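Q: Pasting in a structure now, in structure tokens, and then I'll have a few things to ask.
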Amino acid sequence: MNTDELRKKWYELVAKLSEQFSEGEDMDLDGILFLIGVQELGMGHKKFKKDEKVNIMHIAICRVLSKYGYYEYQGQDSDGWPHYVNVEKLPALKTGQQSLLMKEAVVAYFEETAFI
């Protein structure tokens, strides 16, 4: 996906998610990743502890990067939390490149789930 196409899809996604989940205030990448993690966890709306929030973000990152072959889903633990294993080392990227990769992966996730 080229940069202009990604930018357009990203802004459309942010607008749609922001309207639905943050009363119109623009969500950032971390907020969107948190939503993905909660969705993938499948426990519905509840109050999470700080360490659980970190784990939820990790779930989201693994899930969206699994499409690129960096992570592989291993299954759920006895508490219902999904687990992934790193199967390919992530490339060394500069901050801007990391952000682009994550945004592209997030857009692909929402396209795959037919949200956008």
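0 is the number of the first residue of the sequence shown in numbering that gives the first Met the number 0; add one for each residue after it. Think of the CB as a built atom: it goes at the ideal place given N, C-alpha and C, for glycine as much as any other residue. Treat the numbers as computed from the prediction; the structure is a model and nothing was measured.
What does the alpha-carbon distance come out to for the pair Q96 and G41?
A: Here residue 96 refers to the residue found at position 97 of the sequence shown. Here residue 41 refers to the residue found at position 42 of the sequence shown. Between Q96 and G41, the C-alpha separation is close to 30 Å.
Q: What number of angstroms, rounded off, separates the C-alpha of G30 from the C-alpha of V105?
A: Within the sequence shown, numbered from 1, the residue matching residue 30 stands at position 31. Within the sequence shown, numbered from 1, the residue matching residue 105 stands at position 106. Answer to the nearest angstrom: the Cα atoms are 12 Å apart.
Q: G30 by DSSP, collapsed to three states: which one?
A: Walking along the sequence shown from the start, residue 30 turns up at place 31. In the three-state scheme derived from DSSP, where H, G and I count as helix and E and B as strand, G30 is classed as helix.
Q: So, do the stretch 16-26 and the stretch 43-51 have three or more beta carbon pairs nearer to each other than 8 Å?
A: no
Q: So what does DSSP say about V86, is it helix, strand or coil?
A: On the sequence shown, position 87 is the one that residue 86 refers to. Coil, per DSSP.
Q: Kindly indicate the opening and closing residues of the alpha helix (DSSP H) around Y108.
A: Your numbering for residue 108 matches position 109 in the sequence shown. Per DSSP, Y108 is one residue of the alpha helix (DSSP H) stretching across 94-111.
Q: Let me know if K8 comes out buried or exposed under the rule of 16 or more other beta-carbons within 10 Å of its beta-carbon.
A: To locate residue 8, count along the sequence shown from 1; it is residue 9. Buried, because 16 or more other Cβ atoms sit within 10 Å of the Cβ of K8.
Q: For E71, report the span of its beta strand (DSSP E) as first-last.
A: Translated into positions along the sequence shown, residue 71 becomes position 72. Where E71 is concerned, the enclosing beta strand (DSSP E) stretches over 70-75.
Q: CA-CA distance, Y72 and I58?
A: Indexing the sequence shown from 1 puts residue 72 at position 73. Indexing the sequence shown from 1 puts residue 58 at position 59. Taken atom to atom, the span from the alpha-carbon of Y72 to that of I58 is near 10 Å.
Q: Among the residues of its own chain, which have a CB less than 7 Å from the CB of E39, if the five just before and after it don't count?
A: Within the sequence shown, the letter at position 40 stands for residue 39. The answer, listed in chain order, is I58, A59, R62, P81.
Q: Does the ligand FMN have even one heavy atom less than 6 Å from the beta-carbon of E111?
A: Judged by which ligands are present, the structure shown has none, so any question about the ligand FMN falls away.
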